[in-house]
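For the record, the sequence lines run as chains A and B.
Under this note's numbering, think of the first position of the first sequence as 11, with each following residue one higher.
Under this note's numbering, think of the first position of the second sequence as 18, with each following residue one higher.
Don't be surprised by glycine CBs; every beta carbon is placed ideally from N, CA and C.
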Amino acid sequence: MFKRILVANRGEIALRIIRCCREMEIETVAVYSTEDRSALHVKLATYAVCIGPAKAADSYLNMKNILAAAMKYQCDAVHPGFGFLSENSEFARLCEECGICFIGPSAAVMEQMGNKEAARRLMQRSGVPVVPGSDGRVESAEHAAQIAEKIGYPVLVKASAGGGGRGIRKAYDVTELASAFSSAQAEAISCFGNGEMYLEKLIVNPRHIEFQILGDSQGNIIHLGERDCSIQRKNQKLIEEAPSKALTPALREQMGAAAVAAARAAGYTSAGTVEFVMDKDGGFYFIEMNTRIQVEHPVTEMITGVDLIREQIRIAAGLPLLIRQEDVQIRGHAIECRINAEDPAHGFRPSPGTVQFLHLPGGCGVRVDTALYTGYKTSPFYDSMMAKVIVHAPSRLEAIRRMRRALEEMVIDGVQTNADFAHLILYHPDFIKGTYDTSFIERNLESLLQLDQESERWSADPQA
Amino acid sequence: MNLQEIYDLMEKFEASSLAELEVQEESGARVSMKKAAPAAPVFVPQGIPAPVSAATAPAAAETAAAPAMQEGTLVKAPLVGTFYRAPSPDAPPFVEVGSRVKKGDTICLIEAMKMINEIPAPADGVIEEILVENESVVEYDAPLFRMKELA
Chain A
11 MFKRILVANR GEIALRIIRC CREMEIETVA VYSTEDRSAL HVKLATYAVC IGPAKAADSY
71 LNMKNILAAA MKYQCDAVHP GFGFLSENSE FARLCEECGI CFIGPSAAVM EQMGNKEAAR
131 RLMQRSGVPV VPGSDGRVES AEHAAQIAEK IGYPVLVKAS AGGGGRGIRK AYDVTELASA
191 FSSAQAEAIS CFGNGEMYLE KLIVNPRHIE FQILGDSQGN IIHLGERDCS IQRKNQKLIE
251 EAPSKALTPA LREQMGAAAV AAARAAGYTS AGTVEFVMDK DGGFYFIEMN TRIQVEHPVT
311 EMITGVDLIR EQIRIAAGLP LLIRQEDVQI RGHAIECRIN AEDPAHGFRP SPGTVQFLHL
371 PGGCGVRVDT ALYTGYKTSP FYDSMMAKVI VHAPSRLEAI RRMRRALEEM VIDGVQTNAD
431 FAHLILYHPD FIKGTYDTSF IERNLESLLQ LDQESERWSA DPQA
Chain B
18 MNLQEIYDLM EKFEASSLAE LEVQEESGAR VSMKKAAPAA PVFVPQGIPA PVSAATAPAA
78 AETAAAPAMQ EGTLVKAPLV GTFYRAPSPD APPFVEVGSR VKKGDTICLI EAMKMINEIP
138 APADGVIEEI LVENESVVEY DAPLFRMKEL A
């Protein structure tokens with residue numbers, strides 16, 4: 011087992027990994043930028059090294075400094091968390107070359123899955139349903155038009171090297187296609203340095219269903235059920251839950267098998283997520299695989315009782331999975347709300363500030379993953395996610411009630427957050443019925459914001 | 018103890034990581050062995066504190082810099098690595114306390130991942146204090162020298 015792991019990340023995920031390492035009696039090395047000197051992950055690690063100035067490109071993305079720190083502190087492994095270098099195959103390769111274990115899949119697997127178009131083709135060959143689309147790359151707008159004729163509009167022009175929702179454009183008919191193609195390609199070249207494009211049918215207002223995968227070095231691959239992440243705003247997830255109300259047991263089994271087949275085709279090891287879109291008729295299609303631990307991993311942990319970070323570390327150390335597919339039990343229901351330092355009333359703009367007073371909810375079935383503390387100052391250099399509130403309860407309705415209670419109890423003074431906005435969603439009939447898709451927030455944004463503002467005014471002056 | 022036993026003991030001692038060994042027999046005979054101070058290990062991380070409080074890691078670099086709160090310019094590490102005062106182990110250091118430097122003169126090396134980086138003096142001046150020990154591991158922004166700039 012590893013003796014010392016460098017955590018190449020910050021915030022709540024760095025803390026999550028450090029906590030797991032402490033339980034496994036593995037020493038940790040935290041890295042931090044000058045901006046994060048007083049961060050919680052710095053305080054709780056065994057050792058801490060400053061690796062650069064505030065800007066992420068010079069610190070948390072600084073492979074040279076991070077590797078130097080890992081070698082100087084004689085770390086035998088690096089955990090990249092999510093974001094930052096977690097899906098950077100160059101970094102994974104450098105770790106391998108320096109004799110440091112990268113906790114995640116190999117650089118080769120990462121590269122294969124990182125090329126979305128190649129991943130799609132691999133899935134097709136392996137019998138995993140994919141969104142109807144082009145067979146390989148699309149060379150030009152004319153070529154795209156030919157394919158779009160066959161598969162039907164609307165279509166999505168997508169960058170092979172894409173990620174994070176970039177290098178994608180919609181086209182609802184042939185007149186929109188040429189400009190969609192050229193602007194998507196231009197964005198792809200500027201963001202990823204690669205203008206290779208492919209085409210997919212656009213499934214309108216799908217549900218976003220993803221399956222958690224674990225694979226060890228001995229070829230054992232299991233899935234730990236799905237997460238429904240359809241509550242999204244501009245492709246950013248806000249609320250995730252498991253199990254999904256959209257899945258029947260039969261569908262779950264089918265999709266789970268497809269997810270495992272996808273991971274097997276990729277030769278995947280470590281924790282990963284297979285993403286599907288689901289249309290109104292229950293048809294599901296592979297869109298991509300995320301080769302990292304994800305933000306919403308606690309949702310799966312709550313319903314299965316499996317510690318995913320610990321499994322990642324064990325897998326990286328060459329140990330076999332602790333459980334087999336038949337041992338995986340989904341119990342109860344879990345929901346996660348992402349609490350971001352943003353102001354819903356003003357276009358969700360990032361809301362800087364210092365946390366003057368913090369009270370986090372607790373009690374039965376409530377978990378909060380956060381690096382906040384009273385006095386914490388939010389930073390413009392990093393993303394605005396402050397905390398994740400996760401609840402678990404025997405039934406979905408109880409979980410919804412528990413989340414409402416948890417959010418009502420939570421106090422984060424000094425910073426605007428989306429907590430009230432999320433809280434309102436938990437009262438929406440479509441959410442309660444579980445009949446929502448990825449268009450939910452967009453369609454209900456105005457009424458939710460209105461309710462939010464009215465309740466603000468009311469609580470400021472109940473007599474008004 | 019006979020001679021052979023002492024030779025055996027010497028061998029075992031040499032191979033062990035002990036620095037000192039003393040054996041006393043009932044007869045009063047005593048054998049005492051000591052090793053010369055061990056060669057400085059390849060890596061002596063200066064900032065590594067006792068595991069209890071990681072907060073002292075950055076503090077260690079900071080308390081070393083506390084006296085440098087006096088006047089002067091701090092030259093800080095632009096990267097993470099091992100600090101070397103001289104171009105090679107047998108060469109004299111680039112600078113000593115009192116050395117005059119011109120802007121751009123190399124005043125130390127920081128080695129990271131087998132690559133040597135020359136750290137230049139940020140301005141003309143005099144080195145007033147050397148804040149880290151040779152071959153210690155430095156983090157980003159760690160104060161290395163205090164120097165007085167000359168117009």
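For Glu419 (chain A) and His369 (chain A), I'd like the C-alpha separation in whole angstroms.
The residue you call residue 419 (chain A) lines up with position 409 of the first sequence. The residue you call residue 369 (chain A) lines up with position 359 of the first sequence. Each residue's Cα considered, the two are about 8 Å apart.
Exercise. Quick one: list the residues of chain A neighbouring Val154 (chain B), beta-carbon separation under 7 Å, in chain order.
Key: Your numbering for residue 154 (chain B) matches position 137 in the second sequence. In chain order: Lys82.
Give the single residue among A:Val338, A:Ile313 and A:Val305 whose Cα lies nearest to the Cα of Thr380 (chain A).
-> As a first step, residue 380 (chain A) is located in the first sequence; it is residue number 370 there, counting from the start. Nearest option by C-alpha distance: A:Val305.
ask   = Of all the CB atoms in chain B, is at least one closer than 8 Å to the CB of Arg14 (chain A)?
value = Working through the first sequence from its first residue, we reach residue 14 (chain A) at position 4. False, the Cβ-Cβ gap to chain B never drops below 8 Å.
**Prompt:** Hey, Ser136 (chain A) and Ala18 (chain A) are a contact pair by Cβ (cut 8 Å); roughly how many whole angstroms apart?
**Reply:** In the first sequence, the residue the question calls residue 136 (chain A) occupies position 126. In the first sequence, the residue the question calls residue 18 (chain A) occupies position 8. Contact flag wrong, Cβ pair sits at about 32 Å.
In whole angstroms, what separates the C-alpha of Ile349 (chain A) from that of Glu146 (chain B)? Translated into positions along the first sequence, residue 349 (chain A) becomes position 339. Translated into positions along the second sequence, residue 146 (chain B) becomes position 129. So the alpha carbons of these two residues sit roughly 47 Å apart.
* **Asn75 (chain A) at chain B interface by Cβ criterion, 8 Å** => As a working mapping, residue 75 (chain A) is identified with position 65 in the first sequence. Closer than 8 Å to some Cβ of chain B, the Cβ of Asn75 (chain A) qualifies, so yes.
Practice prompt. Drop a sphere of 10 angstroms on the beta-carbon of Val477 (chain A), count the other beta-carbons inside from all chains shown, and report buried for 16 or more, exposed for fewer.
Written response: Outside the displayed range of chain A (11 to 474) lies residue 477 (chain A), so it cannot be described from this structure.
**Prompt:** Where does Ala260 (chain A) land, buried or exposed, given buried means 16+ other C-beta within 10 angstroms?
**Reply:** Residue 260 (chain A) sits at position 250 when you count from the first residue of the first sequence. Result: exposed.
In whole angstroms, what separates the C-alpha of Cys108 (chain A) from that of Ser116 (chain B)? In the first sequence, the residue the question calls residue 108 (chain A) occupies position 98. In the second sequence, the residue the question calls residue 116 (chain B) occupies position 99. Their Cα atoms are separated by approximately 38 Å.
- Query: Is Ser96 (chain A) buried or exposed, if buried means 16 or more other CB atoms sit within 10 Å of its CB?
  - Reply: Residue 96 (chain A) sits at position 86 when you count from the first residue of the first sequence. Flag for Ser96 (chain A) reads buried.
Review point. Since Ala275 (chain A) and Ile313 (chain A) are thought to touch, with beta carbons under 8 Å apart, how far apart are those beta carbons, to the nearest angstrom?
Key: Sequence index remark: in the first sequence, residue 275 (chain A) carries index 265 (1-based). Sequence index remark: in the first sequence, residue 313 (chain A) carries index 303 (1-based). 26 Å between Cβ atoms; not a contact.
Residues in the same chain with beta-carbon distance under 7 Å from Pro139 (chain A), minus the five sequence neighbours each way, listed in chain order, please.
Numbered from its first residue, the first sequence carries residue 139 (chain A) at position 129. Same-chain partners within the cutoff: Ala268, Phe294, Tyr295 and Phe296.
Report task. Would you mind sorting Leu407 (chain A) into buried or exposed? The rule is 16 or more other CB atoms within 10 Å of its CB. Result -> What you label residue 407 (chain A) is simply residue 397 of the first sequence in a count that begins at 1. Exposed.
Q) By Cβ distance below 6 Å, which residues in the same chain neighbour Cys30 (chain A) in space, the five residues on each side in sequence not counted? A) Numbered from 1 along the first sequence, position 20 holds the residue referred to as residue 30 (chain A). Once the five neighbours on either side are set aside, the close Cβ partners of Cys30 (chain A) are Ile319 and Arg320.
Amino acids of chain B, ordered along the chain, whose beta-carbon sits closer than 9 Å to that of Thr44 (chain A)
Residue 44 (chain A) sits at position 34 when you count from the first residue of the first sequence. Neighbours of Thr44 (chain A) on chain B, chain order: Tyr157 and Asp158.
Check whether chain A comes within 8 Å of Thr99 (chain B), counting only Cβ atoms and requiring the distance to be less than that.
As a working note, residue 99 (chain B) is residue 82 in the second sequence. With 8 Å as the cut-off, Thr99 (chain B) counts as an interface residue toward chain A.
Notebook entry, point to check: Can you find a CB in chain A that lies within less than 8 Å of the CB of Leu96 (chain B)?
Noted result: Position 79 of the second sequence, counted from the first residue, corresponds to residue 96 (chain B). By this cut-off, Leu96 (chain B) is an interface position.
key: Ile323 (chain A) beta carbon less than 8 Å from that of Ile76 (chain A)   = Within the first sequence, numbered from 1, the residue matching residue 76 (chain A) stands at position 66. Within the first sequence, numbered from 1, the residue matching residue 323 (chain A) stands at position 313. Cβ distance not < 8 Å, so Ile76 (chain A) and Ile323 (chain A) don't count as in contact.
For His61 (chain A), which residues in chain B fall below 9 Å Cβ to Cβ? The residue labelled residue 61 (chain A) in the question sits at position 51 within the first sequence. For the record, residue 61 (chain A) in the displayed sequence is Ile; it is not His. The answer, in chain order, is Leu96, Val97, Glu156 and Tyr157.
Residue of A:Gln84, A:Ala154, A:Asp291 and A:Asp423 minimising C-alpha distance to Thr445 (chain A): On the first sequence, position 435 is the one that residue 445 (chain A) refers to. Closest by alpha carbon: A:Asp291.
For this session: Specify whether the region 185 to 193 of chain A and the region 414 to 429 of chain A touch according to this definition: at least 3 beta carbon pairs, one from each stretch, less than 8 Å apart.
Result: no
For this session: For Gln195 (chain A), collect the residues of the same chain with a Cβ closer than 7 Å to its Cβ; drop the 5 residues on either side in sequence, then sort them by chain order.
Result: Sequence index remark: in the first sequence, residue 195 (chain A) carries index 185 (1-based). Result list for Gln195 (chain A): Gly205 and Met207, in chain order.
Margin query: Quick check on Ala79 (chain A) - is its C-beta less than 8 Å from some C-beta in chain B?
Written below: For the purposes of this step, residue 79 (chain A) is taken as residue 69 along the first sequence, with counting starting at 1. Chain B, which has a Cβ nearer than 8 Å to the Cβ of Ala79 (chain A), makes this yes.
Could you work out which residue in A:Ala169, A:Lys160 and A:Phe358 is closest to Asp183 (chain A) when comparing CA atoms only?
Taking the first sequence and counting its residues from 1, one reaches residue 183 (chain A) at position 173. Looking at the Cα atoms, A:Lys160 is the closest of the given residues.
Roughly how many angstroms lie between the CA atoms of Val155 (chain B) and Ala58 (chain A), to the nearest whole one?
-> For this step, residue 155 (chain B) is matched to residue 138 along the second sequence. For this step, residue 58 (chain A) is matched to residue 48 along the first sequence. Taking the straight line from one Cα to the other gives about 11 Å.
Member of A:Arg412, A:Gln242 and A:Leu50 whose CA lies at the smallest distance from the CA of Pro371 (chain A) = Working through the first sequence from its first residue, we reach residue 371 (chain A) at position 361. The residue with the shortest Cα to Cα distance from Pro371 (chain A) is A:Arg412.
Is it true that the CB of Ile400 (chain A) sits closer than 8 Å to the CB of Ala344 (chain A)?
Along the first sequence, one-based indexing puts residue 344 (chain A) at 334. Along the first sequence, one-based indexing puts residue 400 (chain A) at 390. Contact: yes.
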